[in-house]
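*Asks:*
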Amino acid sequence: MEFESNNEKMVAKIVDLRSDTVTKPTEAMRGAMAIAEVDDDILGRDPSCVRLETEMAKLLGKEAAVFVPSGTMANLISVLVHCDIRGSEVILGHDSHIHIYENGGIATLGGVHPRTVKNNEDGTMDIALIEAAIRDPKGELVYPTTRLICLENTHGNCGGRCLSVEYTDRVGEVAKKHGLKLHIDGARIFNASVALGVPVDRLVQAADSVSVCLSKGLGAPVGSVIVGSNSFISKARRLRKTLGGGMRQVGILCAAALVALQENVEKLESDHKKAKLLADGLNEIKGLRVNTSAVETNMIYVEIEEGSGITASKLCKDLEDYGILLMTLGSSRLRIVFHHQISGSDVEYTLWCFQEAVNGVRNENGK
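Quick note: the sequence shown uses the numbering used here, first residue 2, plus one each step.
Right, dumping it as structure tokens:
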């Protein structure tokens, strides 16, 4: 496919690669929302919500589930249920979503102290470092009490990397050895399952709780689900109400999420293939660098080489003129995220636009 350049840079199409949260509800989702059976979920009677929660618990191999408005609330509730005594401590990655992007809620609202362990490039934390971070109970007079370990799968800030079932099991063994709980921030756990070829319930078998975002790779408009034991979910449901997450005829949203589960999980593999295809193409453009071996799922991180004369903000602005929407991360890094509404032709068009934009910056700089 070829695209002709002109000085006016007329936008041929919009390709939104800012995040997999930007998807629009499909016609099937809108249809399901229009006819959804609903009732008051606070009273536990919304049939569409009950259906979604039952399905998610079954898929992830846990006893029960609860629907919540967002992934941030899902993680907050999960941490606070496990760490229900003030002065508790959670071990988590220094570059994890809970630690970086959730407004410090576990400390602000729950009095839970975060103890960070360095994330490796693949999203893991060294097992030895996790174990070393666990507080000695003999020091309880002066130390917080370690009660929880959190993992993230896939790991967003590490490029959508997948944590293997073997690694997760080993962390689970450490948690049990020390009497701790394990929570998995599984915002994109279905991406990990598809990429690894491991059933999603096996991937989270070692976890005491898992949060799953429905509005990322799965493409539903709103919501996340927490899964765990019956007693855990009972406590989570009460805390959801405390935090203002209790909703009424929420089955309208759950109906769309059920369609997402039925139709979009199988599309994740295509998202991953398209991401890999674009990553390979971008890595061929002089001035850009992509670690293509790290592109395991639907995320690409593009590094701008030093001395190229290109800045992330300028490149992002020039690409926006072509209709390509991205996120910048600092002065020399871009993030690209695929979702089911990005087509093969969108990939070709995006690569062409990158080539045009990068060459345009070089020409402006006289290079």
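Even glycine gets a Cβ: it sits at the ideal position worked out from N, Cα and C.
For LYS139 and GLU132, what's the separation of their Cα atoms in angstroms?
*Replies:* 16 angstroms
*Asks:* Between the alpha carbons of SER89 and VAL113, how many angstroms are there, rounded?
*Replies:* 5 angstroms
*Asks:* Mind listing, in chain order, the continuous alpha helix (DSSP H) runs of no fewer than 4 residues lying wholly within the stretch 89-173?
*Replies:* 98-101, 106-109, 128-134
*Asks:* Can you say whether THR147 is buried or exposed, counting buried as having 16 or more other CB atoms within 10 angstroms of its CB?
*Replies:* buried
*Asks:* CA-CA distance, ASP319 and ILE325?
*Replies:* C-alpha separation (whole angstroms): 9 angstroms.
*Asks:* Going by beta carbon distance, what residues of the same chain come within less than 6 angstroms of GLY23, once the five residues before and after it are set aside?
*Replies:* Residue identity differs from the one stated: residue 23 is Val in this sequence, not Gly. The answer, listed in chain order, is ASP17.
*Asks:* In chain order, what residues of the same chain have a beta carbon less than 6 angstroms from the beta carbon of MET30, not counting five sequence neighbours either side?
*Replies:* ALA257, VAL260
*Asks:* By DSSP's criteria, ALA66 is part of a beta bridge. Which residues make up the other side?
*Replies:* Answer is VAL228.
*Asks:* Suppose contacts are defined by Cβ-Cβ distances below 8 angstroms. Is LEU81 in contact with LEU262 by that definition?
*Replies:* No, the pair does not count as a contact, with Cβ atoms beyond the cut-off.
*Asks:* Report yes if the CB atom of LEU53 is closer than 8 angstroms to the CB atom of ASP202, and no otherwise.
*Replies:* no
*Asks:* Measure the CB-CB distance between ASN76 and ASN192 and report whether it falls below 8 angstroms.
*Replies:* no
*Asks:* CB ILE150 to CB ALA176, shorter than 8 angstroms?
*Replies:* yes
*Asks:* Count the other CB atoms within 10 Å of the CB of ALA35; is the residue buried (16 or more) or exposed (fewer)?
*Replies:* exposed
*Asks:* Measuring alpha carbon to alpha carbon, tell me which of ASN231, MET126, LEU254 ends up nearest VAL39.
*Replies:* LEU254
*Asks:* Keeping to the same chain, check which residues put their C-beta closer than 6 angstroms to that of CYS214; ignore five residues upstream and five downstream.
*Replies:* GLY72, ALA188, SER225
*Asks:* Taking the straight line between their C-alpha atoms, what separation do you get for GLN356 and LEU283?
*Replies:* 8 angstroms
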